[in-house]
Amino acid sequence: MSSWSQCFHGQLEYLLCFGMAGTQVRFCMLQKDQPGCLPLMRDLNVTSSLDRIIVMRLTFTIYRIISKQQEQLPADCVPRGSTFLGSPGISIQVFDGYIIKSVQLGDQPRVEKQAAFLTDLYAATGQSSHLVNAKQSRKLHGSTWSVHLVPHGQALQQPGYYIRDVPTLQRAMHHMLHGLEARHAQQAAYTDVCWPNIIMTPGSSFRLIDLETAVPLGCKRNESTHGPCCKCWGSVGSEVLENGRFTASSGLGQQAHAGINIASLGQAWAAAGSSAATRFLIFVISACRSLVLSSATGTD
1 MSSWSQCFHG QLEYLLCFGM AGTQVRFCML QKDQPGCLPL MRDLNVTSSL DRIIVMRLTF
61 TIYRIISKQQ EQLPADCVPR GSTFLGSPGI SIQVFDGYII KSVQLGDQPR VEKQAAFLTD
121 LYAATGQSSH LVNAKQSRKL HGSTWSVHLV PHGQALQQPG YYIRDVPTLQ RAMHHMLHGL
181 EARHAQQAAY TDVCWPNIIM TPGSSFRLID LETAVPLGCK RNESTHGPCC KCWGSVGSEV
241 LENGRFTASS GLGQQAHAGI NIASLGQAWA AAGSSAATRF LIFVISACRS LVLSSATGTD
């Protein structure tokens with residue numbers, strides 16, 4: 001919450017939240033441009049009948065507030081520690097300010113070579129403001145390679161967010177070019193330039209993500225030395241490759257194709273997903289219920 005921006009918080013001046021530790025529950029308010037959080041009332045204990053009633057009343061009150069704020073809220077909310085499965089062989093765990101990405105590298109004979117390539121690439125581009133950056137040392141456990149990445153951002157093809165005007169599109173394309181340039185400078189080609197692999201970060205800057213889709217410049221489309229998640233750009237792959245190879249020119253071709261197809265980010269996602277208010281309500285009720293049921297003894 002230290003980087004309040006319209007990208008994540010719209011026009012909101014405050015966000016309502018809660019924290020749970022054991023049987024203790026605290027409802028808080030996060031205010032724009034203010035450090036820390038402001039408790040809405042005393043800490044509550046869900047083993048107490050009175051406090052459970054207060055929790056439910058506050059939950060329904062906050063539900064109504066979030067419902068009113070719905071159009072101004074972020075497109076989605078993600079509890080810290082949540083794990084998501086991305087492309088085949090990839091998992092992402094979300095934490096405060098960073099994520100841990102784990103990539104299954106595939107066949108054992110190639111694992112060390114692939115891990116070394118990715119480690120060197122992330123290290124070499126760690127200062128780029130147009131690529132996702134590695135926060136900590138990269139690790140290899142068996143055939144799974146993991147890395148801590150910063151910053152958080154809003155993927156451009158997630159529900160509720162669109163590039164709505166030409167200036168924003170121009171800025172996105174400009175930052176994408178710099179991201180590709182940083183990769184090409186390290187003799188690496190991007191095999192999957194598309195909107196879901198671009199994030200918008202606080203300050204309305206754009207970054208390329210998924211560096212694990214990179215391959216050495218000049219790599220042929222069907223070479224066995226491809227990276228772990230080489231997408232080959234689907235049915236239009238042959239149109240953007242240069243003599244069947246991933247090159248700097250093929251990266252620019254992918255970007256041009258993405259720009260032409262900006263209309264694909266239309267209104268299709270406007271109705272996707274349940275409301276933030278409903279998810280908040282269900283999450284609090286289920287969490288409190290689980291705590292109460294798991295308590296060996298309760299005091300009223």
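Oh and the sequence shown: position 275 is 275 in full-length UniProt numbering, straight run, nothing missing. Glycine is no exception: its CB is placed at the ideal position from the N, C-alpha and C atoms. Please read these numbers as outputs of a predicted model, since none were measured by experiment.
- Message: Please report the distance separating the alpha-carbon of Leu112 from that of Thr191.
- Response: For the sequence presented, residue 112 should be read as Glu rather than Leu. Approximately 21 Å, taken between the alpha carbons.
- May I ask which residues mark the beginning and end of the alpha helix (DSSP H) holding Thr59? Ser49 to Gln69
- Item | Where His174 falls, given that 16 or more other Cβ within 10 Å makes a residue buried | exposed
- Query: Would the beta-carbon of Leu156 fall within 9 Å of that of Ala214?
  - Reply: no
- Message: Is the separation between the beta-carbon of Leu140 and that of Lys101 shorter than 9 Å?
- Response: no
- Message: So, does the region 91-105 touch the region 62-69, judging by three or more C-beta pairs under 8 Å?
- Response: no
- Query: Given that a residue counts as buried once 16 or more other Cβ atoms are within 10 Å of its Cβ, and exposed if not, what is Met200?
  - Reply: buried
- So what's residue 313 in DSSP terms, helix, strand or just coil? The shown model of the chain, from 1 to 300, leaves out residue 313, and the question about it has no answer.
- Please go through the same chain and pick out, in chain order, the residues whose beta-carbon is closer than 8 Å to the beta-carbon of Gln136, but skip the five residues on each side of it. Val147 and His148
- Would you kindly check if the distance between the Cβ of Ala172 and the Cβ of Thr247 is under 9 Å? no
- Query: Just to confirm, are Leu16 and Leu30 a CB contact at a threshold of 9 Å?
  - Reply: yes
- Should Phe206 and His130 be called a contact, given that it needs their Cβ atoms to be closer than 9 Å? yes
- Any idea which residues DSSP pairs Pro167 with across the strands? The partner list for Pro167 (beta bridge, DSSP) is empty, contrary to what the question assumes.
- Message: Just to confirm the assignment, what range does the beta strand (DSSP E) spanning Gln104 have?
- Response: Ile99 to Gln104
- Message: Helix, strand or coil, according to DSSP, for Arg42 in the structure here?
- Response: coil
- Message: By alpha-carbon positions, which one of Leu208, Asn243 and Ala182 ends up nearest to Lys220?
- Response: Asn243
- Buried versus exposed, by CB contacts within 10 Å (16 or more), Thr125: buried
- Item | 7 Å Cβ shell around Gly86 - same chain, five flanking residues per side excluded | Ile92
- Item | Same chain, Cβ closer than 6 Å to Cys37, neighbours up to 5 away in sequence not counted | Cys28 and Leu30
- Host beta strand (DSSP E) of Gln186 (start-end): Run containing Gln186: none; DSSP gives neither H nor E here.
- Item | Gln254 to Gly19 span [Cα, whole Å] | 43 Å
- Message: So, at 6 Å on beta carbons, what are the nonlocal neighbours of Ala21 in its own chain, with the 5 sequence-adjacent residues on each side left out?
- Response: none
- Beta-bridge pairing of Cys17 - partner residues as DSSP gives them: Cys28
- According to the neighbour-count rule (16 or more other Cβ atoms, all chains shown, within 10 Å of its Cβ), is Ile53 buried or exposed? exposed
- Message: Give me the residue from Ser204, Leu208 and Pro202 with the minimum Cα distance to Leu177.
- Response: Leu208
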